[in-house]
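Engineer: Quick note: the first sequence uses this note's numbering, first residue 680, plus one each step.
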Amino acid sequence: MAIKVYSSLSRVKEVFEPIHDGWVGIYVCGPTVYDWTHLGHARTYIAFDAIVRWLEYRGYRVFYVQNITDVGHLTEAGEDKVVGRAIREKVEPMALVEFYMREYFRDMDVLGVRRPDVSPRATGHIIDMIEVIKRLIEKGYAYEVDGNVFFDVSRFPDYGKLSRVKLEDMIAGARIDVHPGKRDPRDFALWKKAGEDYPLKWVSPWGYGFPGWHIECTVMAMRYLGEQIDIHGGALDLIFPHHENEIAQAEAFTGRKPFVKYWMHTGLLTVNGEKMAKSLGNYVRIRDVLDKFSPAAVRLFILSTHYRSQLDYREEKLVEAEANVKRLMNSLTRLEEAKVERASDKPASSEERRILEELYRLSSVFDESMDDDFNTAEAVSFLFEICRAVNKLVDLPSINRAILSEAETIFKGKLRVLGLPDTPSRREVSSKLVEALIDIIIDVRNEARKRKDYATADEIRRRLASIGVKLEDLPGKTIWRIEEAI
RNA sequence: GCCGGGGUGGCUGAGAGGCGUAGGCGGCGGGCUGCAGACCCGCAUCACAGGGGUUCGAAUCCCCUCCCCGGCUCCA
C-alpha cells in the first residue's frame, strides 16, 4: 500500500514518506506566460494532476503550488521573453502576461486539470527574491558586479548532483553566457541590471533591475511550502540548469539539505517523432488539439503512457483515444440505464458474485499500479478491464442493486482519479425537455418496430443519427446518447 | 564530446528475472439483434533489434554490435 516514487536525484524508486505526516507539499514549475500553451504543457500538468489526485485518493492532504513566470525568463539572446514579446506587439508587458495566463488557465480547466492551491507570480515576489539574494551575498554564495548579482558556483560543492553535469564538461561544451563580470562562466544570474528605459524593472540594493529565472521558483517554493519540500516537479528539460540552480540557491540559503525530498520529472513530448520546437514549426497548441478532439481523449492519450516516458504525438493516436473514451462512456450510459431499468432486490446470482469479485480484484490491481510510481498506463489497462466487467454485469437481465452500486462506485472512482468524465456525455448537452422528447420519439419508433414497420423505424434512427443522437436497441429497451452535439 | 531513454505481436503500448500471451485499435470467427450499432465470447504460427553470457528459468540481469529518440542552449 506504500506509494513508491521515482526520484530523479537518486534515480531509483523510493518509498514515499512525506516530511510531515499525512501532508504533502508539492511544487511544479509552471509556464512562462508569453505565448499560447502547447501540448507539452498539457502533458506535464495532466500528469501532475493525476499524481495529486492519487495522493489525495490515498488520504494525503496535498498542498499544490505552481508558479506563473512573468519575468526573468531569458531567451538564448538574453532577452526577457515577456518583455521582448510585449515590445514587438506594442503592449504593456503585464497585459501580455494577463492575456496568456488567462488562456493558460482556460486550457487547463477544459482539460480537467484542477487548479493549484496557489499560483504565485514571480512579479509578486520580487521583495522576497531580493531578501534571499541579499542573504546569499552575506553568506558569500553570491557577488555583485556592476548592478548584476551572480551565484558563485564554486562555493557550492554539490553543484551538479541532480543533473550529473560535470563542471569541466560544461565549460568545454555548451555555449554559456559569458557576462564580462562573471568570475566563472558557470556562475548564473540572480539579479540582472536593467537600463534606463527598460519597461519591467524594480529597485534593489544593486540598483534597477529584474530577477533571474531560477531564483523565483526557489523563493516561491520556500515561501509557500517551507524550506524543505516533499515533491518538486517539472519536465525533464528543466533539470539543467533550472532545477540544479534551484538546489544551489535553496540549500546555500537555508543551509539545510535536501531542499527537495523527491524530484519528479515528466518525459518530453515529440511530434511525429521529432522534438517539438518553435524552430521546427511543429508546435502543437492545446487550443488546436481541442478543436478536433475531446478533453477526455487528450487526457487518456497522455495518461496511456507513463509520465517519465517520452510521448509522441500523432493525430491517429488521438483518434484512437477518442474511440477509447467512447468505449468508457458507452459503458457509463449502460450503467445508468441498468440502474433505472433492471436493478433488482433479488439475492445475487453466482454470476453476479463472480463479476463483483473480479471488480474487487481489478480495483486493487489498479491501485497497485498507481502506487507504483503513478503508473497510469498500466492503471488504464485495468480501467478497461473494469469497463468490460461492468458491461458484463449490465448485460444481465436483472442485477442485484447492491452489486450494481458497488460496480458503479469502483468504475466511477477510477475514472475520477484519472480526471476522466464519470457521467455520460449526454447530460452536458441535453436538457429535461430534450430527454423527454427523445423518449417520445423512441416510443413511437418502437411501436413501428412492433408492427414490423422497419422502414419507418430505420428512418427515425437514421434521422436522429444525423443530428447526433445515436440509438441502441437492447433486449426490451432502447437507449440513446448524444455523440456529437449539433 | 558528455549524460539519459528506447528498440515488444498488423498498429499502438504496458511489463523489467517465474506470479495475466497487459490493455486498446484493427483483422477473423461466433453469440445477441428484424437490421444496424453497442456489448459479450473465442482465434491469430503466443511477440519481445541481433549475437554471446549469467540462471533451474531472461522480453526483463551482464557484455558486444546495429538502429532510433532526447538532454547538455530558451523550453513543460
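We treat Cβ as the ideally placed atom computed from N, Cα and C, and that holds for glycine.
Fair warning: this is a prediction, and the values are worked out from it, not measured in the lab.
In this structure, how does DSSP classify Lys996 when only helix, strand and coil are distinguished?
Structural biologist: As a first step, residue 996 must be located in the first sequence, where it is residue number 317. Helix, per DSSP.
Engineer: Report the start-end ranges of each alpha helix (DSSP H) in the segment 871-955 that is 4 residues or longer and not cut off at the edges.
Structural biologist: Fully enclosed alpha helix (DSSP H) runs of 4 or longer: 892-904 and 923-933.
Engineer: Apart from the five residues on each side of it in sequence, which residues of its chain come closer than 8 Å, Cβ to Cβ, to His804?
Structural biologist: As a first step, residue 804 must be located in the first sequence, where it is residue number 125. Glu895, Val898, Met899 and Arg902.
Engineer: Using a 10 Å radius around the Cβ and a threshold of 16 neighbouring Cβ atoms, would you call His911 buried or exposed?
Structural biologist: By one-based count along the first sequence, residue 911 stands at place 232. Per the 10 Å Cβ criterion, buried.
Engineer: Under the rule that 16 or more other beta-carbon atoms within 10 Å means buried, what is Tyr986, buried or exposed?
Structural biologist: For this step, residue 986 is matched to residue 307 along the first sequence. The residue is buried, with at least 16 neighbouring Cβ atoms inside 10 Å.
Engineer: Kindly list the residues whose CB is nearer than 7 Å to the CB of Gly657, restricted to its own chain and excluding five residues on each side of it in sequence; keep chain order.
Structural biologist: In the structure as shown, the chain starts at 680 and stops at 1165, and residue 657 therefore has no counterpart that could be examined.
Engineer: Just to check my reading of the structure: Val1148 and Ile1158 have Cβ atoms closer than 8 Å, yes? What is that Cβ distance to the nearest angstrom?
Structural biologist: Translated into positions along the first sequence, residue 1148 becomes position 469. Translated into positions along the first sequence, residue 1158 becomes position 479. The pair is not a contact, with the Cβ atoms about 11 Å apart (cut-off 8 Å).
Engineer: Straight-line CA distance for Arg636 to Glu1037?
Structural biologist: For the chain, the structure presents residues 680 to 1165; residue 636 sits outside this window and is missing.
Engineer: Let me know the secondary structure DSSP gives Val1059 once reduced to three states.
Structural biologist: Residue 1059 sits at position 380 when you count from the first residue of the first sequence. Helix at Val1059.
Engineer: Residues in the same chain with beta-carbon distance under 7 Å from Ser687, minus the five sequence neighbours each way, listed in chain order, please.
Structural biologist: Counting from one through the first sequence, the residue named residue 687 turns up at place 8. Taken in chain order, the residues that qualify are Leu841, Ile918, Trp942, Met943 and His944.
Engineer: Examine the Cβ distances between the segment 1059-1071 and the segment 1111-1121 and report whether three or more of them are shorter than 8 Å.
Structural biologist: Touching, no.
Engineer: Out of Arg1032, Asn1125, Asp700 and Phe830, which has the shortest C-alpha to C-alpha gap to Arg740?
Structural biologist: Translated into the one-based positions of the first sequence, residue 740 becomes position 61. Checked all of Arg1032, Asn1125, Asp700 and Phe830; the closest Cα to Arg740 is Asp700.
Engineer: Can you look up Gly734 in the DSSP assignment and give me helix, strand or coil?
Structural biologist: Translated into the one-based positions of the first sequence, residue 734 becomes position 55. Here residue 734 is Leu; the residue named in the question, Gly, does not match the sequence. Leu734 falls in the helix class under three-state DSSP.
Engineer: Do the CB positions of Leu997 and Ala1022 come within less than 8 Å of each other?
Structural biologist: By 1-based counting over the first sequence, the position of residue 997 is 318. By 1-based counting over the first sequence, the position of residue 1022 is 343. No, Cβ-Cβ distance for Leu997 and Ala1022 is not below 8 Å.
Engineer: Let me check understanding here. Comparing Cα to Cα, which of Leu1007, Ala1017, Val1019 and Asn1079 lies closest to Ser1060?
Structural biologist: As a working note, residue 1060 is residue 381 in the first sequence. It is Leu1007.
Engineer: Any idea if Asn951 is buried or exposed, counting beta-carbon neighbours within 10 angstroms, 16 or more meaning buried?
Structural biologist: Position 272 of the first sequence holds residue 951. Exposed is the call here.
Engineer: Between which two residues does the alpha helix (DSSP H) containing Arg785 stretch?
Structural biologist: Taking the first sequence and counting its residues from 1, the one referred to as residue 785 is at position 106. Residues Pro772 to Val789.
Engineer: State the DSSP-derived secondary structure class of Glu693, mapped to helix, strand or coil.
Structural biologist: Translated into the one-based positions of the first sequence, residue 693 becomes position 14. It is a strand residue.
Engineer: Give the secondary structure of His752 by DSSP, where H, G and I count as helix, E and B as strand, and everything else as coil.
Structural biologist: Along the first sequence, read from residue 1 onward, the residue named residue 752 stands at position 73. Three-state DSSP puts His752 in coil, outside helix and strand.
Engineer: Excluding the 5 residues preceding and the 5 following Glu629 in the sequence, name in chain order all residues of the same chain whose CB lies nearer than 7 Å to its CB.
Structural biologist: Examination of residue 629 is not possible in this model, given that the chain is present from 680 through 1165 alone.
Engineer: Mind the definition here: the segment 775-792 touches the segment 723-735 only if three or more C-beta pairs lie below 8 Å; say whether that holds.
Structural biologist: Short answer: they touch.
Engineer: Considering Ala821, what are the terminal residues of the beta strand (DSSP E) in which it resides?
Structural biologist: For the purposes of this step, residue 821 is identified with residue 142 of the first sequence, where counting begins at 1. Taken as a continuous stretch (DSSP letters only), the beta strand (DSSP E) holding Ala821 covers Ala821 to Val824.
Engineer: My output table needs one value for Arg964: the three-state DSSP class, helix, strand or coil.
Structural biologist: Stepping through the first sequence from its first residue, residue 964 is reached at position 285. Of the three classes helix, strand and coil, the one that applies to Arg964 here is strand, per DSSP.
Engineer: So, are the CB atoms of Ile981 and Val939 less than 8 Å apart?
Structural biologist: Taking the first sequence and counting its residues from 1, the one referred to as residue 981 is at position 302. Taking the first sequence and counting its residues from 1, the one referred to as residue 939 is at position 260. Cβ distance not < 8 Å, so Ile981 and Val939 don't count as in contact.
Engineer: What residues match up with Gln989 in a beta bridge as DSSP calls it?
Structural biologist: By one-based count along the first sequence, residue 989 stands at place 310. Answer by DSSP bridge pairing: none, since Gln989 is not bridged.
Engineer: Spatial neighbours of Gln989 within its chain, please: CB distance less than 7 Å, with the 5 preceding and 5 following residues excluded, ordered by chain position.
Structural biologist: On the first sequence, residue 989 is found 310 positions in, with the first residue counted as 1. Excluding positions up to five away in sequence, the list reads Gly946, Leu947 and Thr949.
Engineer: Between Ile1082 and the rest of its own chain, which residues show a CB-CB distance below 6 Å, the 5 nearest in sequence each way excluded?
Structural biologist: Position 403 of the first sequence, counted from the start, is the residue given in the question as residue 1082. Closer than 6 Å at the Cβ level, and outside the excluded window around Ile1082, lie Ala1027, Glu1031 and Leu1035.
Engineer: In whole angstroms, what is the alpha-carbon distance linking Gly960 and His752?
Structural biologist: Against the first sequence, residue 960 aligns to sequence position 281. Against the first sequence, residue 752 aligns to sequence position 73. Between Gly960 and His752, the C-alpha separation is close to 21 Å.
Engineer: Do Phe830 and Ala729 have their C-beta atoms closer together than 8 Å?
Structural biologist: Within the first sequence, residue 830 is the residue found at index 151, counting from 1. Within the first sequence, residue 729 is the residue found at index 50, counting from 1. Not closer than 8 Å, so no.
Engineer: Kindly indicate which three-state DSSP category Asn1054 falls into: helix, strand or coil?
Structural biologist: In the first sequence, residue 1054 corresponds to position 375, counting from 1. Residue state, collapsed to three classes: coil.
Engineer: Using the DSSP secondary-structure output, state which residues sit across from Leu1153 in a beta bridge.
Structural biologist: Here residue 1153 is taken as the residue at index 474 of the first sequence, counted from 1. BP columns for Leu1153 point to Lys1156.
Engineer: What are the boundary residues of the beta strand (DSSP E) that includes Ile705?
Structural biologist: As a position in the first sequence, residue 705 is number 26, starting the count at 1. Start and end: Trp702 to Val707.
Engineer: Under a Cβ-count criterion, where at least 16 other Cβ atoms within 10 Å of its own Cβ denotes burial, should Leu1094 be classed as buried or exposed?
Structural biologist: Within the first sequence, residue 1094 is the residue found at index 415, counting from 1. The residue in question, Leu1094, is buried, as its Cβ has 16 or more Cβ neighbours within 10 Å.
Engineer: I'd like the list of long-range same chain contacts for Ala681, defined as Cβ closer than 8 Å, with 5 residues on each side in sequence excluded.
Structural biologist: Here residue 681 corresponds to residue number 2 of the first sequence, with the count starting at 1. Once the five neighbours on either side are set aside, the close Cβ partners of Ala681 are Val694, Phe695 and Asp1050.
Engineer: DSSP three-state label for Phe829, please.
Structural biologist: As a first step, residue 829 is located in the first sequence; it is residue number 150 there, counting from the start. In the structure shown, Phe829 sits in a strand (DSSP, three-state: E or B).
Engineer: So Ala1000 and Gly719 are supposed to be a Cβ contact under 8 Å. How far apart are they, rounded?
Structural biologist: On the first sequence, residue 1000 is found 321 positions in, with the first residue counted as 1. On the first sequence, residue 719 is found 40 positions in, with the first residue counted as 1. Contact flag wrong, Cβ pair sits at about 17 Å.
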